[in-house]
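Trainee: Under my numbering, the first residue of the sequence shown carries the number 44, and numbering increases by one thereafter.
Quick reminder that beta carbons are idealized off the backbone N, C-alpha and C, glycines included.
Small disclaimer: the values here were computed from a predicted structure and weren't measured.
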Amino acid sequence: MENIKISKEFILSRLQSLMGLAVTFFLFEHLLTNSQIVLFFDDGSRFIKLVNFYQSIPYLKLVEIIFIAIPFLLHILIGIRYLINTDLNSFPSNGKRAQILSSRNIAFSIQRLSAYIIGIILIFHVVEMRFIKYPIKIANSQFLVRLNPNKDLEKAAKRLDIRLIRKNDLNLIKEFEIENIKLKDNKIFAVANTFGKATLISVYNTFQNPFEIFLYSIFVIACAYHAINGLYTFLLSWGVIFSLKHERFFSILACFIALILTLIGLTSIFGNIFFGVK
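1) If you measure between the beta carbons of ASN46 and THR237, is that distance less than 8 angstroms?
2) What residue range does the beta strand (DSSP E) around ARG189 cover?
3) What's the gap between the Cα of LEU258 and the Cα of ASP212?
4) Which runs of the beta strand (DSSP E) spanning at least 3 residues fall entirely within the stretch 126-207, listed in chain order?
5) With a threshold of 7 angstroms on Cβ separation, who are the neighbours of LEU74 within its own chain once the five nearest residues in sequence on each side are excluded?
6) Could you check where the beta strand (DSSP E) with PHE232 kicks off and where it finishes?
7) Using a threshold of 8 angstroms, state whether the C-beta atoms of ILE244 and LEU278 are closer than that.
8) By the 10 Å Cβ neighbour count, where 16 or more other Cβ atoms means buried, how is TYR159 classified, buried or exposed?
9) Using DSSP with H/G/I as helix, E/B as strand and the rest coil, what is ASN214?
10) Mind checking TYR102: buried by the 16 CB within 10 Å criterion, or exposed?
11) Given this structure, state the Cα-to-Cα distance separating GLN59 from VAL66, to the nearest angstrom.
12) Let me confirm a value: TRP272 is counted as buried when at least 16 other C-beta atoms fall within 10 Å, else exposed. Which label applies?
13) Rounded to the nearest angstrom, how far is the Cβ of ILE218 from that of ILE181, given a contact under 8 angstroms?
14) With the cut-off set at 8 angstroms, would you say LEU61 and ILE121 are in Cβ contact?
15) Using the C-alpha atoms, what's the distance from ASN193 back to LEU203?
16) Taking the alpha carbon of ARG291 as the reference point, which residue from LYS92, ILE224, SER146 has its own alpha carbon closest?
17) Counting only the same chain and skipping the five closest in sequence on each side, list residues whose C-beta sits under 7 angstroms from that of GLY63.
18) Would PHE186 and ILE175 be called neighbours here (beta carbons separated by less than 8 angstroms)?
19) How close, in whole Å, do the beta carbons of LYS240 and ILE208 come, if the pair is a contact with beta carbons under 8 angstroms?
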């Protein structure tokens, strides 16, 4: 019997495909969770419950590393390798390379371009929401998060029963034992009794900034396209789609799912502006 040698490229391709599937599931969960802030007009209570539930998961850090961080990292590292070694040939050429205008080749090129957009904004997103604006536990089982002042912040905090602390609120700073945390003149602390509430006021505060509204809108659109086109490619490469009839059906289904995912993501952003906690 002839020995069949599996190439390194095949293994990397399948590994990236599987990791991409895991990342896509996380994207669905992430956007659906965020959309709870505004979908039911209930001051984000469903969002708060979901976030508090996630925080109660045993060994959460380990779960995040295994099921989120590692798939992300592997998908990105293999993707960078493809970005470096792959030419985009669906755009006008100077004659040195072929220009192929098939629908799948155009989709492939947009997939690669969306990867650049996602990579840049993802770094910003992780730094901002996981480090700068991530709620920290303080005295009296409270959670602290830094915010930027805006006109509706006081009203939102009151509805959520969240206390706002400024630099000159020395008694509150002493009460919550946060003297060692530096607060700039143009910043505010929010103190909430649950992690979910602190996260909610942080997300609300983020989407009061026009620059971040624009940035995250681009991010959502790029992620939705990249994830669903990647899912469609996954179905092709793993043999789930095996005929032209299936290909047409799943291409229409993929477009529909990408649109739904985009709308869910944009609802989290723009719905927060018009219908969120105020």
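Mentor: In short:
1) Not in contact: ASN46 and THR237 (Cβ atoms no closer than 8 angstroms).
2) For ARG189, the enclosing beta strand (DSSP E) begins and ends at 186-190.
3) Inter-residue distance for LEU258 and ASP212 is about 33 angstroms (C-alpha atoms, whole angstroms).
4) Counting only runs of 3 or more, we get 186-190.
5) If we look at LEU74 and ignore the five residues flanking it on each side, its Cβ neighbours are LEU304, ILE307, GLY308, SER311.
6) 231-235 is the extent of the beta strand (DSSP E) around PHE232.
7) Pairing ILE244 with LEU278 gives a Cβ-Cβ distance that is not under 8 angstroms.
8) Per the 10 Å Cβ criterion, exposed.
9) It is helical.
10) The residue in question, TYR102, is exposed, as its Cβ has fewer than 16 Cβ neighbours within 10 Å.
11) Taking the CA atoms as reference points, GLN59 sits about 10 angstroms from VAL66.
12) This sequence places Asn at residue 272; Trp is not what is there. ASN272 comes out buried.
13) Note on identity: in this sequence residue 218 is Glu, with Ile being the wrong assignment. Not quite, the Cβ-Cβ distance comes to about 10 angstroms (not below 8 angstroms), so this is no contact.
14) With contacts defined by Cβ atoms closer than 8 angstroms, LEU61 and ILE121 do not form a contacting pair.
15) So the alpha carbons of these two residues sit roughly 16 angstroms apart.
16) For ARG291, the nearest C-alpha among the options comes from SER146.
17) Non-local beta-carbon contacts of GLY63 in its own chain, meaning distances under 7 angstroms to residues more than five positions away in sequence, involve HIS118, GLY273, PHE277 in chain order.
18) No, they are not a contact pair.
19) Going by Cβ atoms, the distance from LYS240 to ILE208 rounds to 15 angstroms, so no, they are not a contact pair.
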